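Heads up: the sequence lines are chains S and U, in that order.
Counting with our numbering, you get residues 635 to 786 for the letters of the first sequence.
Counting with our numbering, you get residues 922 to 1184 for the letters of the second sequence.
Beta carbons: idealized from backbone N, C-alpha and C, even for Gly.
In this text the structure is predicted, and so the values were computed from the model without any measurement.
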Amino acid sequence: MKLNFELNGRKLEREIAPDETLLHLLRACGMHSVRGGCDTSNCGVCTVWVDDRPVLSCGYLAARVEGRRVTTLEGARAEAGELMNCLAAEGADQCGYCSPGFIMCALAMFRELGDPSDEEMRRYLAGNLCRCTGYESQMRALAKCAEGRRSK
Amino acid sequence: MISIQEYRFAESLDEALQLLDASRKNRVIGGGMWLRLGHASVKTAIDLSRLGLDRIEATEDEIAIGAMATLREVETAPCLRELFGGVLAESVSPIVGVQFRNMATVGASVYSRYGFSDLLTALLALDARVELRRAGTMALEDFLKNPPEKRDILTSVRVRRDGRRAAYRTFRRSATDFGVLNVCASISPEGDWRLSVGARPARAARCLEAEALLAAGDAAGAAKTASEKLRYGSNLRGSAEYRRALAEVLTLRCWDALKEGKA
Ligand SMILES: Cc1cc2nc3c(=O)[nH]c(=O)nc-3n(C[C@H](O)[C@H](O)[C@H](O)COP(=O)(O)OP(=O)(O)OC[C@H]3O[C@@H](n4cnc5c(N)ncnc54)[C@H](O)[C@@H]3O)c2cc1C
Ligand code: FES
Ligand code: FES
């Protein structure tokens, strides 16, 4: 079936299978920041935005993005810069596999909540699992990033 | 993995129902999260996302939650944060993560009558009705016990604004996992109590004997009764015995919250 959608600001037309997932489609479009992990909607590594809302691309049927806007980390680099620096400075990515999904969810969080508290951040990011960091370095990076945003 | 032969955006509810009736292998798609985990071989996937069913509307008498409203919309709707002690928002907030809740829908969660459902446990403690395209409107409690035989499309869930205060408590082995046991209690301004217990692991059910004891002010008796009169089972998250103990504790915690006005 034909699919028309916007990917990182570019209008695209693709031929897709009716049961294709958004994860599969985005990787086929060369968006390699988007990764598959659990493939059962549990881990958050496949997070992208559809119409600016974070969703799990492994569970999202590609057919449903017809007429919608999809954003991956490739399309949110400028906005992600500061957080990526903070993550690096705090050693908050080790293997880095979870990072794109984590960053996309964290950016959505800052957009939605503005200046979230520590507790609000933990809740918002509960669906982003990381097997390396133990989360504390991620939390430090987020706190640093939030502080930077506040002082702007 | 699910397989789908054809994907259709329904243009009206009548069309959606016609498609549903056209073949046993045609399926309505809510968020698609649960369907995807199964192995269904779907002929036509019926997408309801263009029918304006995603609204949450508050009138003087009731709250109407459209079937395609997401769990996240339930969590963030300003009216649901305030009404009924915020239990509807609270009940969905432990479900996986924000991204997941941006996809999973209310209609599917209710229509599928999952035993583990947090939302159903909370809704059952309120005065809630379901609106079905074919079968019309019925009390949620009746729908849970005797769903219509013919496949239908749930269009909205309606909750009466009767001034109830409510409290929701769930026990989870780890964050983002399914509840081991879910309990919701509510009290109307007239002093009418409702108590619902879900993830037993069977579907949420009310315990009328315990409700009567709560109304009489016997919280300990009510908690014990809820743990004895309802049926509990075992699965990998917990044994029946463990669930009975949890039912007692969580019922008491709901009572405490409502008595102290913290709900
Ligand atoms: C990994 C995972 C973890 C979960 N954890 C929890 C949890 O902790 N607590 C909890 O309460 N729930 C949990 N759930 C369930 C979740 O909250 C949703 O209830 C579930 O995913 C169904 O919603 P959906 O929109 O994805 O449904 P879909 O997969 O789209 O549909 C499910 C079924 O409902 C039918 N359907 C969909 N919409 C309608 C409609 N309007 N009318 C009639 N039939 C319809 C479909 O045909 C299908 O048979 C979990 C689900 C997953 C996948
Ligand atoms: S790969 Fe999508 S949630 Fe894990
Ligand atoms: S850094 Fe390895 S999984 Fe998060």
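query                                                                                                      : result
Minimum C-alpha distance to A740/S - residue among Y694/S, P688/S, L695/S                                  : P688/S
Interface residues of chain S facing F1021/U [CB-CB closer than 9 Å]                                       : S675, N676, G678, V689, L690, G693, G761
Span of the beta strand (DSSP E), counted from its first residue to its last, around R968/U                : One detail in the question is off: residue 968/U reads as Asp in this sequence, not Arg. It spans 962-968 - the beta strand (DSSP E) in which D968/U sits, taken as one unbroken run.
Partner residues on chain U for P652/S, Cβ-Cβ distance less than 8 Å                                       : I925, Q926, E927, Y928, A966
Contact set, ligand 2 heavy atom to C-beta under 7 Å                                                       : L657/S, G670/S, G671/S, C672/S, D673/S, T674/S, S675/S, N676/S, C677/S, G678/S, V679/S, C680/S, L690/S, S691/S, C692/S, G693/S
Amino acids of chain S, ordered along the chain, whose beta-carbon sits closer than 8 Å to that of V1031/U : Those do not exist, as V1031/U stays about 19 Å from chain S at its closest Cβ, beyond 8 Å.
Proximity test, I977/U beta-carbon vs ligand 1 heavy atom, cut-off 6 Å                                     : no
Sequence-ordered residues whose beta carbon comes within less than 5 Å of a heavy atom of ligand 3         : D727/S, Q728/S, C729/S, Y731/S, C732/S, C764/S, R765/S, C766/S
Residue-chain proximity (C740/S, chain U), Cβ-Cβ < 7 Å                                                     : Going by the sequence as given, residue 740/S is Ala instead of Cys. So, not an interface residue.
Whole-angstrom distance between H658/S and F1037/U, CA atom to CA atom                                     : 30 Å
Closer than 6 Å: S1030/U CB and nearest ligand 1 heavy atom                                                : yes
G725/S versus I1016/U: straight-line alpha-carbon distance, rounded                                        : 29 Å
Contact with chain S by A931/U, beta-carbon distance below 7 Å                                             : no
Alpha-carbon to alpha-carbon, Y1153/U and E1162/U                                                          : 8 Å
Neighbour flag for T681/S against chain U, beta carbons, 7 Å                                               : yes
Short Cβ contact (7 Å threshold) for A1131/U with A1120/U                                                  : no
Per-residue contacts from Y758/S into chain U (C-beta, under 7 Å)                                          : V1019
Length of the line joining the Cα atoms of L1040/U and K645/S                                              : 38 Å
Rounded distance between the beta-carbons of S1117/U and R1086/U, thought under 8 Å                        : About 15 Å separates the two Cβ atoms, so there is no contact after all.
Closer than 6 Å: S970/U CB and nearest ligand 1 heavy atom                                                 : no
Within-7 Å CB hit, R957/U to chain S                                                                       : yes
Whole beta strand (DSSP E) elements within the segment 664-719 of chain S, 3-residue minimum               : 681-684, 687-690, 703-705
Local conformation of K786/S per DSSP, three classes                                                       : coil
CB contact check: A697/S to chain U, cutoff 7 Å                                                            : yes
CA nearest to the CA of E1181/U, picked from V1104/U, T1091/U, R1022/U, G1006/U                            : G1006/U
Inside the segment 959-1043 of chain U only - beta strand (DSSP E) runs reaching at least 3 residues       : 962-968, 977-979, 983-987
Spatial distance of I977/U from G987/U (CA atoms)                                                          : 6 Å
Proximity test, A931/U beta-carbon vs ligand 1 heavy atom, cut-off 6 Å                                     : no
Nearest residue (CA-CA) to R745/S, options D686/S, K778/S, R765/S, V704/S                                  : D686/S
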